[in-house]
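**Q** Under our numbering, the first residue of the sequence shown carries the number 7, and numbering increases by one thereafter.
C-beta: ideal position from N, C-alpha, C; glycine also.
Quick one: this structure, given as structure tokens, is what I'll be asking you about.
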Amino acid sequence: MSAAETARSRTRGPSLRARIAALGAAAAVLATVAVTYTVQAAGGRAEPTAVDSAFGLDGGGGRLLFRSTRDGAGEGRVARLPVSGDGARPTGGPACRRFHAAAGTGLCLQRRTGIPPRSYAVVLDEDLKEKRRVPLDGIPNRARVSASGRMLSWTNFTSGDSYNQSSFSTRTGILDTRTGYLVKNIEGIQLTVDGRRYHAPDVNYWGVTFADDDNRFYATVSTKGKTYLVEGDMRTWSARAVRENAECPSLSPDGRRLAFKKKVPGGGRAPWRLHVLDLRTQRERPLAERRGVDDQVLWLDSARIAYALPGKSGRESDIWSVPADGTGEPRLRVRDASSPAVLR
């Protein structure tokens with residue numbers, strides 16, 4: 007090639023190969039922008055789809071799943087650890103305000119910003135992928151899955167943000183994942199208090215826990231300034247008050263005991279102390295945790311319960327445990343975490 011030809015070639019601009027490479031890079035940038043816009047337009051609903059199968063609910067027992075708020079994880083993503091609370095802490099699950107799981111079924115309560123903000127109960131499969139989404143009113147507060155994975159329940163605040171406020175109002179729902187039967191607000195259940203059918207406009211329910219038969223359940227009902235532990239029956243759609251001053255019950259793995267929080271004098275902003283009730287003898291025992299616990303506890307096993315308490319920052323929570331027989335002392339399990347669930 008002559009010097010003149012070489013000069014003309016240089017003035018023609020980039021080669022065909024260079025132009026193709028530039029077009030490819032531009033297309034990749036446009037695709038990235040499009041994906042980002044789609045996620046933002048969806049109100050942040052996109053969740054990781056490539057969840058490690060060992061991270062999900064089908065990888066055997068002996069693991070603790072929980073909502074992790076470490077490293078500014080936004081709403082808090084589902085993470086896992088051994089039940090001991092030690093070891094690596096992978097965070098590969100969906101973002102949830104509240105979370106619970108059992109027997110291959112997960113329940114993730116989400117709150118999405120926007121005008122108006124929206125809440126959802128998201129049913130998860132054994133790989134923590136979404137199976138069903140139920141729109142809800144209010145702010146997510148409690149989530150529970152029955153031991154079989156069949157029955158789900160959740161509670162949202164629809165006014166106020168604390169059980170210690172006189173103006174609070176709740177909506178508690180139940181979903182049968184086997185039949186698809188959904189009750190978005192259980193306030194219409196036939197309630198009996200002191201042996202009589204009870205009606206009142208201020209009735210609120212929260213904190214459902216299911217028995218092994220997936221029919222019987224326990225919950226809290228409040229009315230006229232009092233709270234009651236109620237025993238419910240799905241088949242007859244009825245509930246009866248069995249005890250006063252008992253909130254957020256949690257049934258033990260053997261079905262013989264209920265852990266709950268009970269209001270005590272001098273508790274300040276969190277006036278509750280944890281107790282365990284023997285359902286056969288009806289004797290209750292205070293636990294060694296003396297700090298006010300505003301949570302629905304989880305049974306780690308037949309001897310220990312776990313619960314969340316505010317952390318050092320005062321904003322996020324840590325998971326603690328304490329023996330269920332009233333002995334011992336509280337033990338820190340997981341920092342920057344809440345909503346524990348044990349895969350047995």
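If you draw a straight line from the C-alpha of residue 236 to the C-alpha of residue 165, how long is it?
**A** Answer to the nearest angstrom: the Cα atoms are 23 Å apart.
**Q** Among all the DSSP beta bridges, which residues are the ones paired with residue 190?
**A** DSSP lists no partner for residue 190.
**Q** Span of the beta strand (DSSP E) holding residue 254?
**A** Where residue 254 is concerned, the enclosing beta strand (DSSP E) stretches over 253–257.
**Q** Can you give me the Cβ contacts of residue 191 inside the same chain, cut-off strictly under 6 Å, excluding the 5 residues immediately before and after it?
**A** Around residue 191: 177.
**Q** Between the Cα of residue 212 and those of 144, 94, 162 and 283, spot the shortest distance and give me the residue it belongs to.
**A** Considering only alpha carbons, the answer is 162.
**Q** Counting contacts by CB-CB distance shorter than 9 Å, is residue 300 in contact with chain C?
**A** The structure shown has no chain C; it contains just one protein chain.
**Q** Can you tell me whether residue 333 is buried or exposed, with buried defined as 16 or more other CB within 10 angstroms of its CB?
**A** Classification for residue 333: exposed.
**Q** Candidates 306, 343 and 139: which alpha carbon is nearest residue 329's?
**A** The candidate whose alpha carbon is nearest that of residue 329 is 306.
**Q** Could you give the first and the last residue of the continuous beta strand (DSSP E) run that contains residue 329?
**A** Start and end: 323–329.
**Q** Applying the criterion that 16 or more other CB atoms from any shown protein chain within 10 Å of the CB defines a buried residue, is residue 313 buried or exposed?
**A** Under this definition residue 313 is a buried residue.
**Q** Assuming contact is defined by CB atoms lying nearer than 9 Å, are residue 126 and residue 115 in contact in what I supplied?
**A** Yes, they are a contact pair.
**Q** Using 8 Å as the Cβ pair cut-off and three pairs as the minimum, do the stretch 104–112 and the stretch 140–152 touch?
**A** With the cut-off at 8 Å, the stretch 104–112 and the stretch 140–152 touch.
**Q** According to the neighbour-count rule (16 or more other Cβ atoms, all chains shown, within 10 Å of its Cβ), is residue 257 buried or exposed?
**A** Flag for residue 257 reads buried.
**Q** Going by DSSP, what residues sit across from residue 151 in a beta bridge?
**A** 158.
**Q** Nearest by alpha-carbon distance to residue 195: which of 219, 117, 224 and 218 is it?
**A** Minimum Cα distance to residue 195 is reached at 224.
**Q** Going by DSSP, what residue range makes up the beta strand (DSSP E) through residue 196?
**A** Segment 196–199, the beta strand (DSSP E) holding residue 196.
**Q** Which two residues bound the contiguous beta strand (DSSP E) that contains residue 135?
**A** Here residue 135 belongs to no beta strand (DSSP E), and DSSP marks it neither H nor E.
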